[in-house]
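To start, the structure itself, in structure tokens.
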Amino acid sequence: DLAKKMFPPLVPIVRWALRKRARDNARTPMQWSAAENAGFTTGKPWMMVNPNYTEVNVEQQQGDPDSILNFYKKLIAYRKGNAVIRYGTFEEYFPKSNKIFCYERNYNGKRLFVVGSFSDKNVVFKLPAGYSFKSSKLVLNNYDDAPAELSAYTLRPYEAVVYEVE
Numbered sequence: 023d024l025a026k027k028m029f030p031p032l033v034p035i036v037r038w039a040l041r042k043r044a045r046d047n048a049r050t051p052m053q054w055s056a057a058e059n060a061g062f063t064t065g066k067p068w069m070m071v072n073p074n075y076t077e078v079n080v081e082q083q084q085g086d087p088d089s090i091l092n093f094y095k096k097l098i099a100y101r102k103g104n105a106v107i108r109y110g111t112f113e114e115y116f117p118k119s120n121k122i123f124c125y126e127r128n129y130n131g132k133r134l135f136v137v138g139s140f141s142d143k144n145v146v147f148k149l150p151a152g153y154s155f156k157s158s159k160l161v162l163n164n165y166d167d168a169p170a171e172l173s174a175y176t177l178r179p180y181e182a183v184v185y186e187v188e
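When the count follows this note's numbering, it moves up by one through the sequence shown with no breaks and lands on 188 for the last residue.
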């Protein structure tokens, strides 16, 4: 009330700025299950529940070995058991690409090569110029049939692959 009295013309501008910078438009309650309100609350949530909560929720993904939830669990477990990810140097390739995120981690002579697609379409991936390795082994991926060895490759929508390279 004091602000309204002191600065009446600024109130609409301040409200607009708060709405513009607030994050509520990007957040929804956690979708735990297909139950009412996504299993988030038995009360009335102050933010709307995403309408897809009956198909996309933690309970559904726990039972699907190929779900995003279970892929993240694999990533976290791999990170915990792998010093290269935790301590390795980071070298990014193709930093100006808005379709591919590609980098290598290197630690104590061990190397990981990671490629991820940000695109909803197929993207042709070519090894960085001058990149060399003796052998490679696929260790993580989110498609069942990714190439077993690192090579030029057409990445499918949102595909991610992790290779150990020597």
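Glycine included, every Cβ here is placed at the ideal spot set by N, Cα and C.
> What first and last residue would you give for the beta strand (DSSP E) that runs through Tyr125?
Replying inline: Ile122 to Tyr129
>> Could you pull the DSSP bridge partners for Ala182 from this structure?
In response: Gly138
> How long is the line joining the alpha carbons of Glu114 and Glu126, rounded to whole angstroms?
Replying inline: 7 Å
>> Less than 8 Å between the beta carbons of Phe116 and Asn164, yes or no?
In response: no
> Relative to the alpha-carbon of Lys159, which residue among Thr63, Ser119 and Val187 has its alpha-carbon at the smallest distance?
Replying inline: Val187
> So, helix, strand or coil for Glu81, using DSSP?
Replying inline: helix
> Do Pro179 and Ser139 have their CB atoms nearer than 8 Å?
Replying inline: yes
> Run through DSSP, which three-state label would Leu160 get?
Replying inline: strand
>> For the structure I just gave you, are there three or more beta carbon pairs, one from the segment 98 to 105 and one from the segment 74 to 88, closer than 8 Å?
In response: no
> Where do the ends of the beta strand (DSSP E) carrying Tyr175 lie?
Replying inline: Tyr175 to Leu177
>> Give me the residue from Gln53, Phe135, Pro51 and Ala57 with the minimum Cα distance to Ile122.
In response: Phe135
> Which one or two residues does DSSP pair with Val187 in a beta bridge?
Replying inline: Arg133 and Ser158
>> In the DSSP assignment, the beta strand (DSSP E) including Tyr115 goes from what residue to what residue?
In response: Thr111 to Tyr115
> When we look at the beta-carbon of Arg108 and count the other beta-carbons within 10 Å, is it buried (16 or more) or exposed?
Replying inline: exposed
> Distance, Cα to Cα, Ala151 vs Tyr185?
Replying inline: 18 Å
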